[in-house]
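Report on the structure given below.
In our numbering, the protein residues as written are 13 to 327.
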């Protein structure tokens, strides 16, 4: 692990992302992560096509009193882009990466073996809860933001828009061309992922790691990895994630939901409520998928109040 004090991309570091880059070496490639503040660890897991930049407001709001650990999935954000001869871009690899990083931080980075908070958005839900299945004593609290970690939405009841998009991502060369050559998916998410207009500087922040066609493979593979059948590579980990959701039923849970998310719809919020009837739930009527962009100030305050009111107890 080595600290890097300079912004590793061309152009200036975003002013609203004033954090120091850290790196964890997975043999032949490096994973980027943030490690800001002191106190009980809060592990923030991004989805697709985002990166740790999407958590910047929560990091700034929690780093006094909490240790904010925010990795970029391999092939995304500031992490390296290994070739597919070295790295499999699928959910089991994401969980392997995360388990290795957490183990490193516990064994060599002064982090506790338990009492962590898992904060999860989008694909961060399956990744985080699959990690919880492997490390059942790690998480004492869950923070859920527009995500799912159970089979129904991914395997049996995909919204029509997502089902059509997944078919296109897997079967149409034009879609691959648009994603890899023109960055269409990341550009669309940066413009339409929130209900409110995302300022140009913030859109640039989301897009900064994906300027070159060679930097976008992880975005494409993340969508193609959404499982539909039992033989799909991600299905076993998703089943493990669902089991972990049930096993964590006694943990304090906060759910913050953008109600105008076009893909992860309010029906999924109802499912989280069903599985965690005692959860603290905040539904934001005028927020979309990037709920931290639309309702950031209120959401950060609510999450901080939730963490203050529920002690991080080791299991």
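All residues carry an ideal CB built from backbone N, CA and C; glycine is no exception.
Tell me whether the beta-carbon of residue 78 lies closer than 9 Å to the beta-carbon of residue 129.
Between residue 78 and residue 129, the CB-CB gap stays under 9 Å.
Contact the segment 216-236 vs the segment 196-204: 3+ CB pairs below 8 Å
The segment 216-236 vs the segment 196-204: in contact.
Local Cβ density within 10 Å of residue 325, reported as buried at 16 or more and exposed below that:
Residue 325 comes out exposed.
Measuring only the C-alpha atoms, how far is residue 313 from residue 23?
Distance between the alpha carbons of residue 313 and residue 23: 32 Å.
Would the beta-carbon of residue 124 fall within 9 Å of that of residue 52?
Yes.
Output needed for residue 59: all residues of its chain with C-beta closer than 6 Å, excluding positions within five of it in sequence on either side, in chain order.
If we look at residue 59 and ignore the five residues flanking it on each side, its Cβ neighbours are 133, 134, 135 and 136.
Give me, in chain order, the residues of the same chain whose beta-carbon lies closer than 7 Å to that of residue 165; leave out the 5 immediate sequence neighbours on both sides.
Confidence is the limiting factor: at residue 165 the pLDDT is only 49, short of 50, which leaves the residue's position unreliable, though a coordinate-based value still follows. So the qualifying residues of the chain are 280.
Compare the C-alpha of residue 40 against each of 271, 260 and 91 and name the closest.
When only C-alpha atoms are compared, the closest one is 91.
What number of angstroms, rounded off, separates the C-alpha of residue 116 from the C-alpha of residue 81?
If you take the alpha carbons of residue 116 and residue 81, they lie about 12 Å apart.
Residue range of the beta strand (DSSP E) that includes residue 45:
Element bounds for residue 45: 41-48.
Exposed or buried, residue 263, counting other C-beta atoms within 10 Å across all chains shown (16 or more means buried)?
Classification of residue 263: buried, given that the 10 Å Cβ count is 16 or more.
For residue 332, which residues in the same chain have their Cβ closer than 6 Å to its Cβ, ignoring the five residues on either side in sequence?
Missing from the structure shown is residue 332; the chain here goes from 13 to 327 and no further.
Would you call residue 270 buried or exposed, if buried means 16 or more other Cβ atoms sit within 10 Å of its Cβ?
By the neighbour-count definition (other C-beta atoms within 10 Å, threshold 16), residue 270 is a buried residue.
Touching by the beta-carbon criterion (3+ pairs, under 8 Å), the segment 205-222 and the segment 301-312:
Here the segment 205-222 makes contact with the segment 301-312; the two share three or more CB pairs at distances below 8 Å.
DSSP state of residue 268 mapped onto helix, strand, coil
If DSSP states are grouped into helix, strand and coil, residue 268 belongs with the strands.
Going by beta carbon distance, what residues of the same chain come within less than 8 Å of residue 301, once the five residues before and after it are set aside?
Excluding sequence neighbours, residue 301 sits near 134, 158, 201, 205, 206, 270, 273, 274, 275 and 276.
Opening and closing residue of the beta strand (DSSP E) in which residue 157 lies
Element bounds for residue 157: 151-159.
Label residue 235 either buried or exposed according to how many other C-beta atoms from any shown protein chain fall within 10 Å of its C-beta, with 16 as the threshold for buried.
Buried: at least 16 other Cβ atoms inside 10 Å.
Identify whether residue 115 lies in helix, strand or coil by the three-state DSSP scheme.
Collapsing the DSSP output to three states places residue 115 in a helix.
What residues in its chain sit with their C-beta under 8 Å from that of residue 98, if we drop five residues either side in the sequence?
Only 40 and 41 meet the Cβ criterion.
Nearest to residue 260 by alpha carbon, out of 310, 110, 211 and 152?
By alpha-carbon distance to residue 260, the top candidate from 310, 110, 211 and 152 is 152.
Looking only at DSSP bridge pairs, what is residue 63 linked to?
DSSP lists no partner for residue 63.
When we look at the beta-carbon of residue 193 and count the other beta-carbons within 10 Å, is it buried (16 or more) or exposed?
By the neighbour-count criterion, in which a residue is buried when 16 or more other Cβ atoms sit within 10 angstroms of its Cβ, residue 193 is exposed.
Whose C-beta lies closer than 7 Å to the C-beta of residue 297 among residues of the same chain, with five residues either side of it excluded?
When the five nearest sequence neighbours on each side are left out, the beta carbons in the same chain lying within less than 7 Å of the beta carbon of residue 297 are those of 271, in order along the chain.
In the DSSP assignment, find the beta strand (DSSP E) that holds residue 282 and state where it starts and stops.
For residue 282, no beta strand (DSSP E) run applies; the uninterrupted alpha helix (DSSP H) run containing it begins and ends at 278-287, by DSSP.
Would you mind stating whether residue 34 and residue 47 have Cβ atoms separated by less than 9 Å?
Cβ distance < 9 Å, so residue 34 and residue 47 count as in contact.
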